[in-house]
Amino acid sequence: YRDLPITNYPGRLSVSGFIDTHIHFPQTEMIACYGEQLLEWLSTYTFPTERKFADRNYAAKIASIFLDELLRNGTTTALVFTTVFPQSTDAFFEKAQQRNLRMIAGKVMMDRHAPDFLIDTAESSYIETKQLIEKWHKCDRLLYAVTPRFAVTSSPEQLSNVCKLLTEFPDLYLHTHLSENVKEVAYVAEVFPESAGYLDVYDQAGLVGERSVFAHGVQLTDQEFGRLSEAKAAIAFCPTSNMFLGSGLFKIEKAKSQETPVKVGLGTDVGAGTSFSILKTTCAAYQVAQLRSQKLSPFKALFLATLGGAIALCLEDKLGNFEVGKEADFVVLNLRSTPIMALRNKPFDLENPLTLSEISDQLFATLIMGDDRAIAATYIMGELVHQK
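Numbering-wise (the working numbering), the sequence shown opens with residue -6 and increments by one.
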């Protein structure tokens, strides 16, 4: 490769691109809305905002802003909620395709217990979703996730159609919410009195499998952790969102236990989450671990942000590290991107390299103090797409 041009980043750290395993692109404009917990927050802020995405041009505008913000924060792959409107999903995929991104997304399926202006039907959601799958799944680097919003907003008929789609297209993802909030769990029990619990609603519908990604899982029972482990399903751990909405602290010790290990990736959950930055999200994950008397080492935190997310999305053969043959999505970190970080982290170069212990120390400081300013450059398939 002697003829290839070389780009040097002295004193920088290159890592695999960050992976966000749960985020809502229509909620970009409503990040940091005040004062509610989950169910009230949905009614007050989220549903009125998502109504705007019936306008395809508006959806395309926000999709561009959203994707550029991800890249600015070093996120190169995400599992994304769109809205109930299929045109919003088309707009999202088109903008992601233009940027050659590895993105997974899906139209929200929601046929009850929501405003009339956001409701589809079991039949229409099946037809529209199938059309989107046939158009976008495996188109370039794009993948499709069948996306019922959460158990309460889907009828048994709609959940049955979700299972039908997953059976017809076995390499799709299932992406939904699970056990985020105490009131939400009680609401599910009220709507599905015959179920043994929140996860059981999905399980009875045939939706719990290796390619299922469940956002939050804050209120999961020990039995539910066991079932997720058995099914090899994944949880998107969304610490900034869980604290912002007062949902609780994810039981990280259960997910990493030897008895019931569960695949875990990090999710920003914007707009309930407070930042697009996976660095800020790892900081919050560390704080949750501390509050639950658990250790989250710097390298384990980086794992959650990269290869752990890839494993959660069954993409570890393509993403997550620099193994030969994987897709070249990566980030260059500036560990001294602010005055206080420059004071905290000593400079280094080829003549004065860091030891592994020093790398761990500086990485930890960056995970705790870093944000979009620490992203010196973002590369997609080896091409520079963002640079400070």
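Using N, Cα and C, we set each Cβ at its ideal position, and we do this for glycine too.
Starting from residue i, trace the alpha helix (DSSP H) in both directions and tell me its first and last residue.
{"i": "residue 293", "result": "291 to 298"}
{"i": "residue 33", "result": "31 to 34"}
{"i": "residue 337", "result": "332 to 337"}
{"i": "residue 274", "result": "271 to 284"}
{"i": "residue 147", "result": "First-last for residue 147: undefined, no H or E at that position."}
{"i": "residue 75", "result": "Counting along the chain, residue 75 falls outside any alpha helix (DSSP H), and DSSP gives it neither H nor E."}
{"i": "residue 59", "result": "49 to 65"}
{"i": "residue 46", "result": "Taken as a continuous stretch (DSSP letters only), residue 46 belongs to no alpha helix (DSSP H), as it is neither H nor E."}
{"i": "residue 196", "result": "191 to 197"}
{"i": "residue 177", "result": "175 to 184"}
Could you tell me how far apart the beta carbons of residue i and residue j are, in whole angstroms, since I believe they sit closer than 8 Å?
{"i": "residue 177", "j": "residue 31", "result": "6 Å"}
{"i": "residue 230", "j": "residue 218", "result": "About 13 Å separates the two Cβ atoms, so there is no contact after all."}
{"i": "residue 262", "j": "residue 16", "result": "6 Å"}
{"i": "residue 379", "j": "residue 367", "result": "About 12 Å; that fails the 8 Å criterion."}
{"i": "residue 49", "j": "residue 84", "result": "5 Å"}
{"i": "residue 68", "j": "residue 269", "result": "7 Å"}
{"i": "residue 174", "j": "residue 115", "result": "With a Cβ gap of about 26 Å, residue 174 and residue 115 do not count as contacting."}
{"i": "residue 365", "j": "residue 65", "result": "5 Å"}
{"i": "residue 275", "j": "residue 294", "result": "5 Å"}
{"i": "residue 129", "j": "residue 137", "result": "6 Å"}
{"i": "residue 19", "j": "residue 46", "result": "5 Å"}
{"i": "residue 220", "j": "residue 192", "result": "6 Å"}
{"i": "residue 38", "j": "residue 325", "result": "That pair is no contact at about 35 Å."}
{"i": "residue 101", "j": "residue 76", "result": "5 Å"}
{"i": "residue 86", "j": "residue 135", "result": "6 Å"}
Helix, strand or coil for residue i, going by three-state DSSP, please let me know.
{"i": "residue 264", "result": "coil"}
{"i": "residue 214", "result": "coil"}
{"i": "residue 376", "result": "strand"}
{"i": "residue 142", "result": "coil"}
{"i": "residue 315", "result": "coil"}
{"i": "residue 97", "result": "strand"}
{"i": "residue 24", "result": "coil"}
{"i": "residue 369", "result": "strand"}
{"i": "residue 236", "result": "helix"}
{"i": "residue 359", "result": "helix"}
{"i": "residue 70", "result": "strand"}
{"i": "residue -3", "result": "coil"}
{"i": "residue 205", "result": "strand"}
{"i": "residue 2", "result": "coil"}
{"i": "residue 250", "result": "coil"}
{"i": "residue 136", "result": "strand"}
{"i": "residue 81", "result": "helix"}
{"i": "residue 153", "result": "helix"}
{"i": "residue 222", "result": "helix"}
{"i": "residue 350", "result": "helix"}
Under a Cβ-count criterion, where at least 16 other Cβ atoms within 10 Å of its own Cβ denotes burial, should residue i be classed as buried or exposed?
{"i": "residue 345", "result": "exposed"}
{"i": "residue 333", "result": "exposed"}
{"i": "residue 212", "result": "buried"}
{"i": "residue 355", "result": "buried"}
{"i": "residue 201", "result": "buried"}
{"i": "residue 292", "result": "exposed"}
{"i": "residue 240", "result": "buried"}
{"i": "residue -1", "result": "exposed"}
{"i": "residue 381", "result": "exposed"}
{"i": "residue 151", "result": "buried"}
{"i": "residue 95", "result": "buried"}
{"i": "residue 195", "result": "buried"}
Taking residue i as part of the beta strand (DSSP E), name the residues at either end of that continuous run.
{"i": "residue 256", "result": "256 to 259"}
{"i": "residue 13", "result": "11 to 17"}
{"i": "residue 119", "result": "Not the beta strand (DSSP E): residue 119 falls in the alpha helix (DSSP H), residues 115 to 129."}
{"i": "residue 167", "result": "166 to 171"}
{"i": "residue 243", "result": "First-last for residue 243: undefined, no H or E at that position."}
{"i": "residue 230", "result": "227 to 230"}
{"i": "residue 323", "result": "323 to 326"}
Any beta-carbon of chain D closer than 8 Å to the one on residue i?
{"i": "residue 57", "result": "In the structure shown, chain D does not exist; there is a single protein chain."}
Taking contact to mean 3 or more Cβ pairs, one atom from each stretch, closer than 8 Å, check whether the region 181 to 197 and the region 144 to 155 are in contact. Look at the beta carbons and you see the region 181 to 197 touching the region 144 to 155: at least three pairs across the two are nearer than 8 Å.
Taking three-plus beta-carbon pairs below 8 Å as touching, is the region 53 to 60 in contact with the region 85 to 92? Cβ pair count under 8 Å is three or more, so yes.
Does the count of Cβ pairs from the region 133 to 141 and the region 161 to 169 closer than 8 Å reach three? The answer is yes - the region 161 to 169 touches the region 133 to 141, with three or more Cβ pairs under 8 Å.
Cβ contact check for the region -4 to 14 and the region 304 to 321: 3 or more pairs under 8 Å: The region -4 to 14, when compared against the region 304 to 321, does touch it at the 8 Å Cβ threshold.
Just checking, does the region 26 to 45 make contact with the region 247 to 259 on the three C-beta pairs under 8 Å criterion? Segment contact: the region 26 to 45 against the region 247 to 259, fewer than three CB-CB distances shorter than 8 Å; contact not assigned.
I'd like to know if the region 277 to 286 and the region 336 to 352 are in contact, where contact means that at least 3 CB-CB pairs between them fall below 8 Å. Verdict: no, contact absent.
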